[in-house]
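Numbering of the sequence shown is given in UniProt numbering, commencing with residue 1 and proceeding in unit increments.
Note that CB positions come from ideal geometry on N, CA and C, so glycine has one too.
Here is the structure we will look at.
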Amino acid sequence: GIGADNDLYINQAIVFIEDAIQYRSINHRVDSKSLWLYRWYYSRTCQWILSLTITIILALVFIEKPSSLTITSDVRYRLSPWNPPCGLTESIELLCFLVFMVDVAVKSYLIGWEEFWKNKWLMAYILTLVVSLTDWIVSLSFFCTENVRIRRILRPFFLLQNSSMMKKTLKSINSTLPEMASVVLLLAVHLSLFTMFGMLLFARTKDGQQDKEWVGYFRNLPDSLTSLLVLLTTANNPDVMIPAYSKNRAYSIFFILFTVLGNLFLMNLLTAIIYNQFRGYLLKSVQSSLFRRRLGIRAAFEVLSSLKETASAQQSCVSVGALLRVLQKAEMDSRCKQAIMRSLKTCSCDQLSAAQFRKLFEELDKDAIREHPPCPEYQSYFMQKMQFAFGHPYFGYLGNVVALANIVSICVVLVMDADKQPSERDDFFLGAINCFFILYYLLEMLLKILAMGLKRYLSYPSNRFDGLLTVILLVLEIATFAVYGFPHPGWRPEFMGLLSLWDMVRLVNMLIVFRFLRIIPNMKFMALVVTTLLDLVKNLRAFAGILVVVFYAFAIIGIMLFKGAIIPVGNTRKNVISWLFGHFQAEIIYCLLYLLTVNLIYRWAKIYFVAWWLISSVIWVNLFVALLLENFIHKWDRRCHREPLSDIEYQRTVELMFRDVLEEPTEEELMEKLHQHPHLQLCR
C-alpha cells in the first residue's frame, strides 16, 4: 500500500544519509528486510563485537606457544612462560572464525551476487578464512605440535579489511610503488657502484696489518654490500671508515661521497617523490569519498521525492516534514543534526529542491567547531574586578613564570644532590618548595574557576590538563604528609607504605615537570606544531593500523625463521637476539624497532632484514613524513590567513584536510551513477 511504500522510502533515505555520513557505498540491497539487516550490521553494538573479535584473534599470539608473557624480559632470570593446553586458543580462534564467517556472509548478501564478484576484498576475505580454517584443522590433527601455522600470518588481514580508510591508504601506497621503485632502483645502482669502488679501494694487500678495512667490512661482495647498506642507515657510521681513515685520511672522501649522495640526495629525493605521489593518490581517494557522500545525499533526495505525498505535486521536490522524519531516525552527529534542523525551521518554504537539499547537508563537510561556554556574570563590583584580574591572560602568564621557577628550583636541587649518597640527602628543601608551589597551583586553579566558571574552565584542553595534574599533585602531597609528616630539616624518614619518601618526591617532581607543558598554548608557533601532531594522531588510525599489520606479519615470520636457531647459553648478543625471535610479545616488537637502524645479524637472513628496512624505514617513515608535511602545510596556510589556533578548536579529518582542493561532482555524474545502482529503481 501507499503507507508501506512511504515507510520504505523513508527507511531508504535514512540509510542513504547514514552511508553519506560514513562515506560508505550505496550499492547494496534496499528492500525492507535488507535495510533492517544493513542498519543492524553497521550499528555500534555489531561493529564493537567485530572490533573486539579482531582484537582477540590478534592478541592470541601473546599466549600461544612460543610465548613470553612474563614480568621480566631478561632471558637469564625469567620463569618459564605459561603454555595453554591444546585446544584452548584453538577454541577461541574457532569462535572468532565463526564471527568472521557471519560478517562475510552478511556483507556478501547485502551487496548482492553481481557486486560480490567485483569486490576483490570480499573474495580475499573468503580465501583467507578458508586457508585459516584448513590450517586450524591441521593444527588439531597434529595435537598443536606443528611448528608452522600459516593462519597466524594471515590474521592481520582481518584488521585490514575492516577499515575503509586503511584500504584506501593501502591502495594509495600500492599506486605510489612504481614511482618509489625508480628511486629505490637508483639507490641500488648507487649502492652497487660504491660497493665495487670499495672492494677495489680496500683490496687485500701483502701487509696484513694494513688490511683492517678489508677484513672488517670489504672481505667479499656480500660483506661489502652489507657494510655500505648499513652505512646508508648511518648505523655503523663512523665505525666503518675508522680503519681506512687511520691508514690514510684521503679514504674519508669515499665515505663522505657515499653518504652525501645516498643520504642527503637520494633518500630525500625519495621523500619528495613519495610526498608528491602519495598526496596525489590520497587526494584521489578522498575525492571518491566526497563523491560517495554526494551520491548518498542525492539518493536520499530521489527516494524522498518519490513519496506519495509529494508525487502529485512536483516530482523534483522533497517535503520538509519528510526530511524531519528522516533526521529524527538517522544516526548522525548531534551538532550536524541540530544545525540542519535549525536551517529547516528558518526556511519559509514547505518543499526543498535538489540544490537546497544538498546545501542543507553541506553541514557535514564543515569543521567541527567547539564553542566555549560563556563566563558567569557577577553582580558584585568586587567579584567583577576579581573576574577581570584572574581571567586576564597576564594571570596565565604569571602562572607560567611560577611554573618555570618551580622547574629551575628542582634543577638546582638535583644538581646539588647529584653526587650525594641516599643516606646523605636531605629532602627538606625539595619537599618544602614542592609544598609551596603545589599550593600556588591549587590557588591558581580555584581562581581561574572563579573567573571563568567551571564549565568554561573545563572546556579548554589546557585547563583540563593543568587541573588534572594539580589535583594529582595535591593528592600525592597529602599522602606524603599523611605517611611521612610535614617537611623539616633532616627530613629523611624510613621507608613506609608503597613508596619511599624519595620515590614520592620524585613522582611529584616528574608531574611538575610534565605540568610545565601548559606553556604550549601561549606560544603560537609551538601551538601550531603541537596541534599538527595532535591532528595527525587523530587521523593516523589507518596508518597505525597498516603499521600494526606490517609489524605483526614480520614478527610472526621472524618467529618462524629464527626460533631455536641458537640456544641461549650465556649472555652473548647473538644468543639473546635469537632467543628473542623465538618468543613474541614485547621482545619481538622491540627487536624489530631495534633493527630499524642496527646491523644485520645472520648472513642467510639478510633478505628478511633488508625487506624489513625497506618497508619500515624507507617506505613507511617517508609516508609518515608525507602526511606530516601535508598536515603542517595545511595548518600553516590557516595560520597565514590569521585563523586563531587556541581560541577556537577545529576538529580536522583527512577528508577536511583536502576540502579546499576537491571538485564537486556534477548533476549528470550523480544521476548516471544512481541509474546504474543494481538494486534501486528510480521512478524517473
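Asked, Found
"Could you tell me if Gln681 is buried or exposed, where buried requires 16 or more neighbouring beta carbons within 10 angstroms of its beta carbon?", "exposed"
"Below 8 Å on the Cβ atoms is my contact criterion, and I expect Phe429 with Asn406 to pass it. Report the Cβ-Cβ distance as a whole number of Å.", "Actually they are not in contact, since the Cβ atoms of Phe429 and Asn406 sit about 13 Å apart, beyond 8 Å."
"With a 10 Å radius around its C-beta and 16 neighbouring C-beta atoms as the bar for buried, classify Tyr38 as buried or exposed.", "buried"
"When the Cα of Ile17 is compared with those of Asn622, Phe357 and Phe543, which residue comes out closest?", "Phe357"
"Considering Ala432, what are the terminal residues of the alpha helix (DSSP H) in which it resides?", "Phe428 to Met452"
"How would you write the range of the alpha helix (DSSP H) that Cys336 sits in, first residue to last?", "Ser334 to Thr346"
"Can the beta-carbon of Val618 be found less than 9 Å from the beta-carbon of Leu270?", "yes"
"If you count every other CB in all the chains shown that lies within 10 Å of the CB of Asp19, and 16 or more means buried, which is it?", "buried"
"Expressed to the nearest angstrom, what Euclidean distance is found between the alpha-carbon atoms of Ile111 and Asn27?", "6 Å"
"Note down the Cα distance separating Val215 from Asn236, rounded to an integer number of angstroms.", "16 Å"
"Nearest to Lys247 by CA position, among Lys212, Gln277 and Pro84, is which residue?", "Lys212"
"Would you give the residue range spanned by the alpha helix (DSSP H) that Lys420 belongs to?", "Per DSSP, Lys420 belongs to no alpha helix (DSSP H) and is neither H nor E."
"Check the C-beta distance from Ala542 over to Met165 and give it rounded, since I have them as a contact under 8 Å.", "4 Å"
"What residue does the alpha helix (DSSP H) around Asp103 start on, and which one ends it?", "Leu88 to Phe116"
"Whole angstroms is fine: what's the gap from Gly545's alpha carbon to Phe157's?", "11 Å"
"Using the C-alpha atoms, what's the distance from Leu129 back to Met101?", "8 Å"
"Which value, in whole angstroms, describes the spacing of the CA atoms of Leu193 and Leu221?", "12 Å"
"Please classify Ser25: does DSSP put it in a helix, a strand, or coil?", "coil"
"Alpha helix (DSSP H) containing Trp612: first to last residue?", "Lys606 to Trp613"
"Could you say which of Leu364, Glu93, Leu662 and Ser32 lies nearest to Ile54 if we only look at CA atoms?", "Glu93"
"Flag this pair as yes or no: are the beta carbons of Gln12 and Ala299 separated by less than 9 Å?", "yes"
"Taking only runs that begin and end inside the region 171-254, name each unbroken alpha helix (DSSP H) of 4 or more residues, in chain order.", "212-216, 221-232 and 242-247"
"Looking at Leu295: is its Cβ nearer than 9 Å to the Cβ of Leu232?", "no"
"Alpha carbon to alpha carbon, how far is Gln161 from Glu377?", "53 Å"
"Verify whether the separation of the beta carbon atoms of Leu442 and Leu398 is less than 9 Å.", "no"
"I need the DSSP call for Leu680, collapsed to helix, strand or coil.", "coil"
"Flag this pair as touching only if the region 379-396 and the region 441-455 have three or more C-beta atom pairs under 8 Å; answer yes or no.", "yes"
"According to DSSP, which residues form a beta bridge with Val318?", "Leu352"
"Rounded to the nearest angstrom, what separates Leu95 and Ile63 at their Cα positions?", "17 Å"
"Anyone know if the C-beta pair for residue 685 and Val61 falls short of 9 Å?", "Residue 685 falls outside the range modelled here, since the chain spans only 1 to 684, and no answer is possible."
"What is the residue span of the alpha helix (DSSP H) that Phe382 lies within?", "Tyr381 to Phe390"
"Apart from the five residues just before and just after Pro373, which ones in its own chain have a Cβ nearer than 8 Å to its Cβ?", "Gly453, Lys455, Arg456 and Ser459"
"Find the nearest neighbour of Leu614 within the set Glu302, Ile273 and Met180, judged by alpha-carbon distance.", "Met180"
"Rounded to a whole number of angstroms, what is the C-alpha to C-alpha distance between Asp5 and Cys144?", "56 Å"
"Here's a check: name, in chain order, each residue in its chain whose Cβ is nearer than 8 Å to the Cβ of Asn297, leaving out the five neighbours to either side.", "It is Ile, not Asn, that sits at residue 297 in the sequence shown. Around Ile297: Phe16, Ile17, Ala20, Phe357, Arg358 and Phe361."
"Determine whether the beta carbon atoms of Arg464 and Asp365 lie at a separation below 9 Å.", "no"
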